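Participant: Protein chains in written order, with the working numbering: chain V, 7 to 171; chain A, 982 to 1185.
Sharing a structure, written as structure tokens. Questions coming.
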Amino acid sequence: MLADKEKFVTIIKDNKRILYKIINCYCKDPDDRQDLEQEILIQLWKSLDSYNSTCKLSTWLYRIALNVAISHYRKDVKRKVTTFGLDESILQIADHTTVNDQDKIDILYQLIAKLSSLNKALIILHLDGNSYRDIAEVMGISESNVGTKINRIKHILKQELKNIQ
Amino acid sequence: MELLWKEHNVKLEKIMVLNGEMLKKLNFYPAVDGFSKLLNLSVAGRNMALIYALISVGLSVAILADHQLLLTTLAGAIVMLLSFAYHLHHTAKLTKLNFYNMPVIELQKTINEFKITSIKAGKYDLVVMIIWLLSMVPVVAKLWLHTTININVPSTPYYISAALIAIAALLYLNEKMYNNLYGKKLSQAEARLEEIIVFEESRV
């Protein structure tokens, strides 16, 4: 149990940036963000035993985090009570001003937020540097379809960026 | 965009802190996530149908000699058993689901199909419950209130007409209540499923 928790903390520590980006793209409201963070962590913890080392850790993690984020994003009723009753985030930003100063990345986050939940998942996976094959495996669509869709999303985002500039 | 995202990634590595101690202290087991809530609700409904059926069967034993009453009570049990079997089939598919070994599209599609079936089943669950409660009235009256309610087979046109009007009124009220309670949820889930299917099949 203790060893499991150590392993879990290590996995989260190594992949905290992926989780942060997914949560940030799917949730605008800070309370909602914390709620989503906790729901993703619960699912990751519950699925830890099922993790099979023959499958890539990133595929396992992306699938869980994105599936939870998409389901959470679709919730009809906004939940205000957090699952653990915690008032603190586990994934924390040490210096908020550093992030907020980055206007460009903020704009990119805003543009991604406008996409549909499934397109959001595709672009996050692509920007994180995953291959089309890995993206296809996480999403469950063909590699060629991934390529076509990503080009289309990039085109939309570029147009939006041009309009802003 | 890719470059901007990479720079952001590097920056995040420097400024992000994981509250590992808090993570270790957390007791995850009692926590229930949204997915489990949906499933648990359905499983609870399914099990309740079995309990109601067992109550009917149990009470039937106490009135074995009264054939007319026995038939009414057993009819209630059969209706509940059918509801249980339907929900058993419906939830069996979802208990095999998990967030880790299913691709995003497949899982989201299954969750939305489940939602749609659950919402649609809700329409009949209320009717099933009313039928079961009505089937229980004579047996409860006899066993606890020691009153006999005569159940006559509705053979005359008067009885048939009255029964048809009552059924039509029940279905009308049920439909109206259902639309008010679940109409919006159903159309949202259907629209969502359509969106996923379009995403899966389209090439743009």
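We treat Cβ as the ideally placed atom computed from N, Cα and C, and that holds for glycine.
All figures in this text were calculated on a predicted structure; none of them were measured in a lab.
Tell me whether I46/V is buried or exposed, calling it buried when 16 or more other Cβ atoms sit within 10 Å of its Cβ.
Facilitator: Here residue 46/V refers to the residue found at position 40 when the first sequence is read from its first residue. I46/V is buried by the Cβ-count criterion.
Participant: Whose C-beta lies closer than 8 angstroms to the C-beta of M982/A among residues of the same chain, with five residues either side of it excluded?
Facilitator: Within the second sequence, residue 982/A is the residue found at index 1, counting from 1. So no residue of the chain qualifies.
Participant: Looking at the C-beta of V152/V, does it have a partner C-beta in chain A at a distance below 7 angstroms?
Facilitator: Reading the first sequence from its first residue, position 146 is the one you call residue 152/V. Chain A contact via Cβ: absent.
Participant: Would you call P1188/A buried or exposed, if buried means 16 or more other Cβ atoms sit within 10 Å of its Cβ?
Facilitator: What the structure shows of chain A is the stretch from 982 to 1185, and residue 1188/A is not part of that stretch, so it cannot be assessed.
Participant: Using the rule of at least 16 other Cβ atoms within 10 Å of the residue's Cβ for burial, across every protein chain shown, is E1175/A buried or exposed?
Facilitator: The residue labelled residue 1175/A in the question sits at position 194 within the second sequence. Classification of E1175/A: exposed, given that the 10 Å Cβ count is below 16.
Participant: Residue ranges of each beta strand (DSSP E) run of no fewer than 3 residues wholly in the region 113-164 of chain V, ordered along the chain?
Facilitator: none
Participant: I1112/A to G1057/A, Cα distance in whole Å?
Facilitator: The residue labelled residue 1112/A in the question sits at position 131 within the second sequence. The residue labelled residue 1057/A in the question sits at position 76 within the second sequence. Those two C-alpha atoms are separated by around 7 angstroms.
Participant: Below 8 angstroms on the Cβ atoms is my contact criterion, and I expect Q49/V with V74/V to pass it. Report the Cβ-Cβ distance as a whole number of Å.
Facilitator: Stepping through the first sequence from its first residue, residue 49/V is reached at position 43. Stepping through the first sequence from its first residue, residue 74/V is reached at position 68. 5 angstroms between Cβ atoms; contact.
Participant: Quick one: using the 10 Å Cβ neighbour count with 16 as the cut-off for buried, is R1027/A buried or exposed?
Facilitator: The count along the second sequence starts at 1 and reaches residue 1027/A at position 46. Residue environment: R1027/A is assigned as buried (16 or more neighbouring CB atoms within 10 Å of its CB, all protein chains considered).
Participant: Start and end of the alpha helix (DSSP H) containing L97/V?
Facilitator: Position 91 of the first sequence holds residue 97/V. Note, L97/V: premise wrong, no alpha helix (DSSP H); beta strand (DSSP E) at L97 to I99.
Participant: Roughly how many angstroms separate the alpha carbons of K1123/A and A1043/A, rounded to a whole number?
Facilitator: Working through the second sequence from its first residue, we reach residue 1123/A at position 142. Working through the second sequence from its first residue, we reach residue 1043/A at position 62. Answer to the nearest angstrom: the Cα atoms are 10 angstroms apart.
Participant: For the region 51-63 of chain V and the region 1066-1074 of chain A, state whether three or more C-beta atom pairs, one from each stretch, are separated by less than 8 angstroms.
Facilitator: Short answer: they don't touch.
Participant: Suppose you measure from the CA of E166/V to the CA of L117/V; what does that come to, to the nearest Å?
Facilitator: In the first sequence, counting from the first residue as 1, residue 166/V sits at position 160. In the first sequence, counting from the first residue as 1, residue 117/V sits at position 111. When rounded, the distance between both Cα atoms is 7 angstroms.
Participant: So does the region 1141-1153 of chain A actually touch the region 1081-1099 of chain A, counting three or more Cβ pairs closer than 8 angstroms?
Facilitator: no
Participant: From K13/V to N58/V, what does the alpha carbon distance come to, in whole angstroms?
Facilitator: Within the first sequence, numbered from 1, the residue matching residue 13/V stands at position 7. Within the first sequence, numbered from 1, the residue matching residue 58/V stands at position 52. Answer to the nearest angstrom: the Cα atoms are 14 angstroms apart.
Participant: Checking 7 angstroms against the spacing of the C-beta atoms, do L97/V and K22/V come in under that value?
Facilitator: Against the first sequence, residue 97/V aligns to sequence position 91. Against the first sequence, residue 22/V aligns to sequence position 16. Closer than 7 angstroms, so yes.
Participant: Establish whether the CB of V1179/A and some CB of chain V are separated by less than 7 angstroms.
Facilitator: Here residue 1179/A refers to the residue found at position 198 when the second sequence is read from its first residue. Closer than 7 angstroms: no.
Participant: Run down chain V in chain order and give the residues with a C-beta less than 9 angstroms from the C-beta of N1160/A.
Facilitator: Residue numbering aside, residue 1160/A sits at position 179 when the second sequence is read from its first letter. Residues of chain V passing the Cβ test: none, with the nearest at roughly 16 angstroms.
Participant: Report the rounded CA-to-CA distance for I1125/A versus I1032/A, giving the unit in angstroms.
Facilitator: Position 144 of the second sequence, counting from 1, holds the residue named residue 1125/A. Position 51 of the second sequence, counting from 1, holds the residue named residue 1032/A. The sequence shown places Trp at residue 1125/A, not Ile. When rounded, the distance between both Cα atoms is 20 angstroms.
Participant: How would you call K1096/A, buried or exposed, if buried means at least 16 neighbouring beta carbons within 10 angstroms?
Facilitator: Locating residue 1096/A in the second sequence gives position 115, counting from the first residue. It counts as buried.
Participant: Since L128/V contacts K155/V with CB under 8 angstroms, what's their CB separation in whole angstroms?
Facilitator: Position 122 of the first sequence holds residue 128/V. Position 149 of the first sequence holds residue 155/V. About 6 angstroms; that satisfies the 8 angstroms criterion.
Participant: Quick check: the Cα distance between A1172/A and L1107/A, rounded to an integer number of angstroms?
Facilitator: Position 191 of the second sequence holds residue 1172/A. Position 126 of the second sequence holds residue 1107/A. The straight-line gap from Cα to Cα measures roughly 25 angstroms.
Participant: Which residues of chain V have a Cβ atom closer than 7 angstroms to the Cβ of N990/A, listed in chain order?
Facilitator: Along the second sequence, one-based indexing puts residue 990/A at 9. Near N990/A (Cβ distances below 7 angstroms), the residues of chain V are R23.
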